[in-house]
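If you read the sequences in order, they're chains A and B. With the working numbering, the residue at position 191 of the first sequence is 282, and numbering never jumps. With the working numbering, the residue at position 282 of the second sequence is 373, and numbering never jumps. Single-structure report; data block below.
Number of protein chains: 2
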Amino acid sequence: MPTVTGHPERHAPTLEAVAEAAGVSRATVSRVVNGSPSVRGAVVEAVQKAIADLGYVPNRAARSLASSRTHSIALLVPEDVSRFFGDPYFASFTGGLDRRLADTEYVLNLVVARDDPGRKAVRYVRGGNVDGAIVVSHHRGHDFLRQLEGSVPIVYGGRPDVALSAEPVFVDVDNEAGGHLATRHLIESGRTRIATIAGPEDMPAALDRLAGFRRALREAGLPDDAVVHANFTASGGAEAMRTLLSRHSDLDAVFSASDLMASGALTALASRGVDVPGDVAIVGYDDSPAATWGEIGLTTVRQPSELMGATAVDVLLRLLAGDADVPHENIVQTELVIRDSA
Amino acid sequence: MPTVTGHPERHAPTLEAVAEAAGVSRATVSRVVNGSPSVRGAVVEAVQKAIADLGYVPNRAARSLASSRTHSIALLVPEDVSRFFGDPYFASFTGGLDRRLADTEYVLNLVVARDDPGRKAVRYVRGGNVDGAIVVSHHRGHDFLRQLEGSVPIVYGGRPDVALSAEPVFVDVDNEAGGHLATRHLIESGRTRIATIAGPEDMPAALDRLAGFRRALREAGLPDDAVVHANFTASGGAEAMRTLLSRHSDLDAVFSASDLMASGALTALASRGVDVPGDVAIVGYDDSPAATWGEIGLTTVRQPSELMGATAVDVLLRLLAGDADVPHENIVQTELVIRDSA
DNA sequence: TTGTATGCGTTATCAG
DNA sequence: CTGATAACGCATACAA
Chain A
92 MPTVTGHPER HAPTLEAVAE AAGVSRATVS RVVNGSPSVR GAVVEAVQKA IADLGYVPNR
152 AARSLASSRT HSIALLVPED VSRFFGDPYF ASFTGGLDRR LADTEYVLNL VVARDDPGRK
212 AVRYVRGGNV DGAIVVSHHR GHDFLRQLEG SVPIVYGGRP DVALSAEPVF VDVDNEAGGH
272 LATRHLIESG RTRIATIAGP EDMPAALDRL AGFRRALREA GLPDDAVVHA NFTASGGAEA
332 MRTLLSRHSD LDAVFSASDL MASGALTALA SRGVDVPGDV AIVGYDDSPA ATWGEIGLTT
392 VRQPSELMGA TAVDVLLRLL AGDADVPHEN IVQTELVIRD SA
Chain B
92 MPTVTGHPER HAPTLEAVAE AAGVSRATVS RVVNGSPSVR GAVVEAVQKA IADLGYVPNR
152 AARSLASSRT HSIALLVPED VSRFFGDPYF ASFTGGLDRR LADTEYVLNL VVARDDPGRK
212 AVRYVRGGNV DGAIVVSHHR GHDFLRQLEG SVPIVYGGRP DVALSAEPVF VDVDNEAGGH
272 LATRHLIESG RTRIATIAGP EDMPAALDRL AGFRRALREA GLPDDAVVHA NFTASGGAEA
332 MRTLLSRHSD LDAVFSASDL MASGALTALA SRGVDVPGDV AIVGYDDSPA ATWGEIGLTT
392 VRQPSELMGA TAVDVLLRLL AGDADVPHEN IVQTELVIRD SA
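This is how it looks when you write it as structure tokens:
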């Protein structure tokens with residue numbers, strides 16, 4: 092059995108060693124490492140050379156102990172990880188987080204509050220283990236998030252639907268504008284009888300998209316009464332589509348509030364022999380993988396999820412830097428991705 | 092900043108404070124916290140009470156500095172995070188990791204080695220920032236992984252296809268058995284002319300599944316010559332299906348090495364008016380969301396990805412505990428999920 | 001079984 | 001601009 096636990100590592104070089112090699116004191120090396128402006132140029136160079144020669148890497152624990160800053164931030168996920176990452180939107184959001192974080196010396200800690208009602212996670216965050224936190228995939232009723240207030244700076248992915256005592260800082264997408272964008276595209280391509288498969292009535296994002304849909308139609312002087320709600324699933328979308336067809340035989344376009352529902356709608360249309368986009372045009376929402384898995388590419392509204400992740404980091408970093416006037420609402424815009432269906 | 096319910100921020104209590112409250116020394120408190128067996132029962136209780144009263148939480152940095160163990164492990168992802176988490180398999184794997192880790196005091200650090208050829212990530216892992224690492228989604232050519240050897244215990248998700256100087260510890264799924272399982276199911280349901288849409292010829296997992304397919308057919312005395320390779324995409328699967336149909340008109344079943352390819356095959360069959368599973372039965376692989384998105388549920392081979400994540404943690408924990416004889420190969424078995432298509 | 005003393009590697013507060 | 005020197009909170013040999 093090969094040795095697995097052996098540490099052939101010498102003693103990792105410390106500030107002390109670098110100081111000696113550079114002929115200065117520990118304090119000076121520390122200053123150079125932390126980019127203090129008050130060090131003579133020549134000394135800086137000498138120290139940096141010593142650092143490079145010895146391959147010095149600051150000890151995180153020691154640094155953290157002395158400065159009481161951890162240089163790590165929590166990605167707090169209040170639900171099952173598989174579900175969270177299984178959602179392409181969050182996968183992409185996390186990608187944005189990471190990419191933006193790569194330029195910094197911050198590290199991402201994955202903190203999950205699944206079974207325990209947030210106790211362990213709250214203790215972790217409050218326990219001084221991280222400098223800040225980004226909370227994602229939070230839902231109404233996640234009241235334990237309140238216990239995070241007053242500990243470290245927090246940025247929410249999506250406007251939190253929780254009773255917080257202070258105004259939360261969040262990044263969100265402009266769903267109303269997204270719904271408007273999609274519907275406007277249908278209008279501009281000459282459609283006149285446009286329906287929507289809306290999302291659940293208790294989800295703010297869904298309602299906002301619906302509002303955007305309605306506004307676009309009103310602005311164009313078209314009727315906005317063809318609305319059916321579904322539950323963001325493919326089968327729900329299929330059923331909604333059938334309902335719409337039976338109610339509005341003159342239908343020539345549909346805005347679906349999610350790609351998954353749109354894919355269900357597409358199969359429903361196909362089985363009825365309705366040509367897409369010939370007879371009926373359809374625009375989805377999300378630009379999820381489902382948008383390109385079918386035979387005909389789905390024209391859809393992309394949420395800049397990666398940008399949102401990056402933005403969340405930006406905002407948090409500003410908060411950590413003590414920036415007093417960071418905006419609480421950070422709204423990013425959607426974008427239309429045109430494929431075959433509309 | 093509004094006052095938060097609970098502890099008024101003050102100075103977080105330290106060992107010192109607990110010691111004083113319990114009327115013992117810091118060392119004793121430390122022993123209790125770390126579960127040392129050599130502390131009198133009465134004292135243990137007293138200390139634990141003090142801990143509870145004061146809401147004491149050990150300072151990670153101090154602990155780490157003193158013990159040179161970090162209690163955190165790295166999840167090393169050598170590629171784009173979005174792609175990694177966008178894959179349901181990895182999302183689920185990570186879920187397994189997390190769930191198993193929840194019982195411990197270890198924390199997961201997300202370490203990504205995307206653009207930089209591993210330099211930063213390697214430095215991080217070697218820099219003593221983590222006690223161990225779990226490496227996932229590694230590909231051939233990721234030679235920088237070699238630089239991790241000898242630093243901390245490492246467990247790979249999937250057998251690494253990299254020239255390592257020591258025998259790597261990994262968890263993997265038995266792809267050959269999976270291919271065999273799928274094919275055997277088709278045989279047992281009475282199919283006699285069975286083809287396969289295999290994965291890329293340069294991927295070990297794909298080849299293993301193909302080998303399982305062939306073995307099952309040989310064992311049943313059936314021909315194993317109906318093989319077409321595709322690239323694990325839906326469109327690739329559709330094209331492969333068309334090729335198979337043209338070559339083997341007597342086809343009555345197909346094993347597709349991925350659900351995505353199977354979904355493409357399904358659309359290809361549908362457009363030719365072939366009934367599934369009436370005329371042709373089809374079994375996929377992965378049990379990904381794609382398996383249930385279509386009109387007919389896909390019978391498929393599920394990879395116990397979550398179990399694999401949990402196993403990876405188990406193995407790593409044993410390594411960290413200094414367990415001398417942990418097996419290097421940790422193989423988990425696949426499972427057949429029967430739906431409509433076969 | 002328990003307490004004492006020391007050190008872990010940095011940062012930060014002073015002087016100089 | 002630079003160098004001593006005291007924290008930082010905990011673990012752990014060593015003593016008792």
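Here a beta-carbon is modelled for each residue, glycine too, at the ideal position from N, C-alpha and C.
Query	Result
Within-8 Å CB hit, Ser347 (chain B) to chain A	no
Unbroken alpha helix (DSSP H) run spanning His271 (chain A), endpoints	Asn266 to Glu279
Near-chain B residues of the segment 365 to 392 of chain A - C-beta to any C-beta below 9 Å	Pro380, Ala381, Thr383, Trp384, Gly385 and Glu386
CB contact below 8 Å: Arg191 (chain A) versus chain B	no
Residue from A:Val319, A:Leu313, A:Glu136 and A:Leu156 with nearest C-alpha to Leu298 (chain A)	A:Val319
Among B:Asp171, B:Val172, B:Phe184 and B:Glu170, the one whose alpha carbon lies nearest that of Arg174 (chain A)	B:Phe184
Three or more C-beta pairs below 8 Å linking the segment 234 to 245 of chain B and the segment 119 to 128 of chain A	no
Glu397 (chain A): contacting residues in chain B (beta-carbon distance under 9 Å)	Ser173
Option nearest Val371 (chain A) by Cα separation, candidates A:Ala361, A:Ser256 and A:Ser379	A:Ala361
Distance between beta carbons of Val172 (chain A) and Asp189 (chain B), contact taken as under 8 Å	5 Å
Anticipated Cβ contact below 8 Å, Ala348 (chain B) with Gly290 (chain B), distance rounded	4 Å
Own chain residues within Cβ distance below 7 Å of Pro93 (chain A), not counting five before or after	Note that Pro93 (chain A) scores a pLDDT of 35, beneath 50, so its modelled location is shaky; the value from the coordinates is reported in the next line. Excluding residues within five positions, none has a Cβ falling inside 7 Å.
Collapsed DSSP secondary structure at Tyr180 (chain A) in the structure displayed	helix
Cβ shell of Glu100 (chain B) (< 8 Å), same chain only, five flanking positions each side left out	Reliability of the predicted coordinates at Glu100 (chain B) is poor, the pLDDT of 45 falling under 50, and no value is obtained from them.
Those residues which DSSP pairs with Asp263 (chain A) across a bridge	A:Ile422
Chain-ordered chain B contacts of Gly219 (chain A) [CB-CB under 9 Å]	Ala103, Val148, Asn150, Arg151 and Ala152
Any C-beta of chain A under 8 Å from that of Phe176 (chain B)	yes
Top-ranked residue by Cα proximity to Val221 (chain B), from B:Pro395, B:Ala152, B:Arg300 and B:Phe181	B:Ala152
Contact check, Val417 (chain A) vs Val406 (chain A), beta carbons under 8 Å	yes
Local conformation of Gly249 (chain A) per DSSP, three classes	coil
Close-in-space but distant-in-sequence residues of the same chain around Ala268 (chain A) (CB under 7 Å, 5 per side omitted)	Gly303, Gln424 and Thr425
Residue-chain proximity (Arg214 (chain A), chain B), Cβ-Cβ < 8 Å	yes
Burial state of Ile429 (chain A) (16 or more Cβ within 10 Å)	exposed
Three-state class that DSSP yields for Ser256 (chain B) in the structure shown	coil
Where Leu167 (chain A) falls: helix, strand or coil (DSSP)	strand
Extent of the continuous alpha helix (DSSP H) to which Gly327 (chain B) belongs	Ala325 to Arg338
Delimiting residues of the beta strand (DSSP E) encompassing Leu106 (chain A)	Per DSSP, Leu106 (chain A) belongs to no beta strand (DSSP E); it is in the alpha helix (DSSP H), Leu106 to Ala113.
Residues that Val198 (chain A) contacts on chain B, provided the C-beta gap is smaller than 7 Å	Asn200
Cβ pair Phe346 (chain B), Ile278 (chain B) closer than 8 Å	no
Ordered list of beta strand (DSSP E) runs contained in the segment 116 to 165 of chain B, each at least 3 residues	none
CB contact check: Val115 (chain B) to chain A, cutoff 8 Å	no
Rounded C-alpha distance that separates Glu310 (chain B) from Arg275 (chain B)	9 Å
is_contact[Val203 (chain A), chain B] using C-beta, thresh 8 Å	yes
Beta carbon of Ala204 (chain B) nearer than 8 Å to that of Ile288 (chain B)	no
Alpha-carbon to alpha-carbon, Gly232 (chain B) and Pro259 (chain B)	16 Å
Three CB pairs or more closer than 8 Å across the segment 128 to 140 of chain B and the segment 132 to 151 of chain A	no
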